[in-house]
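Report on the following structure.
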Amino acid sequence: MNQSVVPDVSPSTLEVVPLGGLGEFGMNMMAVSWEDTTILIDAGVMFPDPDQLGVDLIIPDLTFVEARRDKVKALILTHAHEDHIGAVPHVMPLFDGPVYGTSMTLAFLEPKLQEHEIDAGDRLKPIRPRDKVTVGPFTIEFIRVTHSMPDCVALAITTPAGTIVHTGDFKIDQTPIDGEHFDLHRFSELGAQGVLALFADSTNIDRKGFTGSEVEVIEAFEELFTSTLGKLVVAAFSSSIYRMQILVDLAVQFDRKVAFVGRSIVQNSEIAQRLGFLRVPSGVQIRDSDVNGYASQDVLCLVTGSQGEPQAALSRIAIDDHRFVKLAPDDTVVLSARAIPGNEKAIARAMSHVARRGADVVTPDMKHVHVSGHGSAEELKLVLSLVRPRYFVPIHGEYRHLSQHARVATRVMSGADRKVQVLLAQDGDVIQFDEQGARIADKAPTGRVLIDVTRVGEVGDEVLRDRRHLAADGLVVAVVAISRHTGALTGDPEMVARGFVVDSGQADALFHDAGQVIASCIAESGVEERTDQGLMTEKLRVELRRFFKKRTGRRPLVLPVLMEI
Ligand SMILES: [Zn+2]
Ligand SMILES: [Zn+2]
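Structure, rendered in structure tokens:
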């Protein structure tokens, strides 16, 4: 990678460089530097659009961190969402220092490090709200905020140039499920002492009013627990620990057993229970394999797949392909999550499959079964009024959210004795603060790196056909013609390979066998699954990848193309 393009830090200047999250939702990351010390705030991922085949995750380009390798002294995490910690396994090997986060954040990080075989040693340093840690010239204070999961913090960083405040993700939930309140007092004290710059979450700036507390969904769910004659199946984000607690409490109240279904929700509920953030009375939780042993009106299933992900529990349940959880006409399936833009079609398809099972479908448009974790305009204004920064930098959002937040900030501060100056920055902008003031002075390299999880490596920057990946393992495109009505194969699959080198004597046999894999994969799938392109493409991709790995030891990029005839 080209390191010469990363500018040096100017002397006696505080420098802040957003490396992700300013111009898109996700992959949040920021570098804060003073002379020889750089600290990183968050290292998140972004999820790809369904049409970015072969890509599992997107992380920020880390050229900047590599170039500053010797100066990076610590990584500070605000909370455990994927868009804040998902890229940590890619960042930790690039520097030597500690990683600070609350106990929840670090507990969610640990399995990711294990997957990447990273031994953190004693680098993970748990902190609590109001704790302060010192890293070189910086003192970092952690301030409790409320969000859609427990144990989230904002940061107040004291630097030689002044104090900067980074909100992380937040909403102001005045009736938090765990009784841990947003620390408005500390924000207000910091404002009174004087804040150089505020970096604040812009996600919901285009929503009027207040977002509302997590407890607001209880009413709608009470209705559903009362009216549902069969199983209640609720799909939520696997990190929505508060939502889980609300549903577990209602299950106890309405005498239902609770089954967590899907790998990530099982894992996260275990972690949250171990740390005491999720309380499930004994005898309430059952395994997914036990669901069939109970009358359906006695069961609540909390499942993964709220985004219509083809391999997740909800999609499997929806097409009657889950080993343990079957839907029947008296059951109700609740989508307790918003659709991440790009996933609408996949979610709609999953809901149609559920409807075919005869079960009721409830979405956030129909009942108040989801509430956002991000503050709306009035909450963002409140934080601005309390902190009263000299400079304001909107973060977390596409450009239109950032610029809207900038306009709001100017309005909020227009009557104040000292006007706020807005710095509308984007990824890579080098923001400098010194005695002369603040400015966007330079541009550092940024971008997106696409990750194919099965390789645990980079696929490429912005482009699927990454040269390294292809040079090593090549590409196989499988063109599969199927009947529009039955989803059955209408001919032999055609294989096109590039850079996937196998012995010419073996190639014919290999591709013939790959064709057999496709044929039997399709034959073993139900008509409903076969005629759902999204589900079938992903299933074939997984099967073919496994086949080529087993037979050749290589992991070519596999792109199945389904043609309906
Ligand atoms: Zn978050
Ligand atoms: Zn976030």
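Using the numbering used here, read the sequence shown as starting at 15 and increasing by one per residue.
Built from N, CA and C at the ideal position, the CB exists for glycine as well.
Just so we're clear, the structure is a prediction, and the values are computed from it rather than from any experiment.
Cβ neighbour criterion (16 or more within 10 Å) applied to residue i
{"i": "N357", "result": "buried"}
{"i": "Q128", "result": "exposed"}
{"i": "P32", "result": "buried"}
{"i": "L554", "result": "buried"}
{"i": "Q17", "result": "With a pLDDT of only 40 at Q17, under 50, the local geometry of the prediction cannot be trusted, and the value read off the model is given with reservation. Q17 should be labelled exposed."}
{"i": "N306", "result": "exposed"}
{"i": "V541", "result": "exposed"}
{"i": "L54", "result": "buried"}
{"i": "R257", "result": "buried"}
{"i": "M509", "result": "buried"}
{"i": "L394", "result": "buried"}
{"i": "I579", "result": "exposed"}
{"i": "S296", "result": "exposed"}
{"i": "R144", "result": "exposed"}
{"i": "V470", "result": "Reliability of the predicted coordinates at V470 is poor, the pLDDT of 41 falling under 50, and the value obtained from them is presented with this limitation in mind. Exposed is the call here."}
{"i": "D443", "result": "buried"}
{"i": "K564", "result": "exposed"}
{"i": "H180", "result": "buried"}
{"i": "R200", "result": "buried"}
{"i": "G223", "result": "exposed"}
Any non-hydrogen atom of ligand 1 closer than 8 Å to residue i Cβ
{"i": "S278", "result": "no"}
{"i": "H93", "result": "yes"}
{"i": "M163", "result": "yes"}
{"i": "G205", "result": "no"}
{"i": "G387", "result": "yes"}
{"i": "H499", "result": "no"}
{"i": "C166", "result": "yes"}
{"i": "D183", "result": "yes"}
Pairwise C-alpha distance: residue j and residue i
{"i": "D376", "j": "K146", "result": "One point to set straight first is that residue 376 is Val, not Asp, in the sequence displayed. Their backbone Cα atoms lie some 45 Å apart in a straight line."}
{"i": "F514", "j": "V572", "result": "11 Å"}
{"i": "G451", "j": "K87", "result": "26 Å"}
{"i": "H580", "j": "R330", "result": "Summary: the structure shown does not reach residue 580, with the chain confined to residues 15 through 579, and so no result is reported for it."}
{"i": "R425", "j": "R83", "result": "40 Å"}
{"i": "S227", "j": "E392", "result": "14 Å"}
{"i": "P459", "j": "T77", "result": "7 Å"}
{"i": "M577", "j": "T545", "result": "11 Å"}
{"i": "S497", "j": "I178", "result": "60 Å"}
{"i": "G474", "j": "G372", "result": "Residue placement at G474 is flagged as unreliable, the pLDDT there being 41, under the threshold of 50; the coordinate-derived value follows with that caveat. Going by the C-alpha atoms only, they are around 43 Å apart."}
{"i": "Q311", "j": "H499", "result": "35 Å"}
{"i": "T51", "j": "T116", "result": "23 Å"}
{"i": "C535", "j": "A360", "result": "21 Å"}
{"i": "A286", "j": "T189", "result": "20 Å"}
{"i": "A326", "j": "F152", "result": "43 Å"}
{"i": "P570", "j": "E96", "result": "27 Å"}
{"i": "L292", "j": "H161", "result": "15 Å"}
{"i": "L549", "j": "G567", "result": "26 Å"}
Residue range of the unbroken alpha helix (DSSP H) whose run includes residue i
{"i": "K553", "result": "547-566"}
{"i": "K126", "result": "117-129"}
{"i": "E284", "result": "277-288"}
{"i": "E236", "result": "232-241"}
{"i": "P103", "result": "102-105"}
Beta-carbon spacing of residue i, residue j below 9 Å
{"i": "M175", "j": "W48", "result": "The question names Met, but residue 175 is Ala in the sequence shown. The answer is yes: Cβ separation under 9 Å."}
{"i": "H384", "j": "D215", "result": "no"}
{"i": "P403", "j": "A211", "result": "yes"}
{"i": "L503", "j": "A528", "result": "no"}
{"i": "A101", "j": "A134", "result": "no"}
{"i": "Q281", "j": "P125", "result": "yes"}
{"i": "D9", "j": "D374", "result": "The shown model of the chain, from 15 to 579, leaves out residue 9, and the question about it has no answer."}
{"i": "V313", "j": "L328", "result": "no"}
{"i": "P21", "j": "D456", "result": "yes"}
{"i": "M41", "j": "R462", "result": "yes"}
N-terminal and C-terminal residue of the beta strand (DSSP E) that residue i is part of
{"i": "P583", "result": "For residue 583 there is no data in the structure shown, the boundaries of the chain being 15 and 579."}
{"i": "H180", "result": "176-180"}
{"i": "L169", "result": "166-173"}
{"i": "Q446", "result": "443-448"}
{"i": "L416", "result": "From DSSP, L416 is part of no beta strand (DSSP E) but of the alpha helix (DSSP H) over 413-426."}
{"i": "L328", "result": "Run containing L328: none in the beta strand (DSSP E); it sits in the alpha helix (DSSP H), 327-332."}
{"i": "S47", "result": "43-48"}
{"i": "Y405", "result": "405-409"}
{"i": "R453", "result": "451-457"}
Residue i: CB within 8 Å of a non-hydrogen atom of ligand 2
{"i": "H419", "result": "no"}
{"i": "G176", "result": "no"}
{"i": "D97", "result": "yes"}
{"i": "N218", "result": "no"}
{"i": "G100", "result": "no"}
{"i": "G40", "result": "yes"}
{"i": "H410", "result": "yes"}
{"i": "G58", "result": "yes"}
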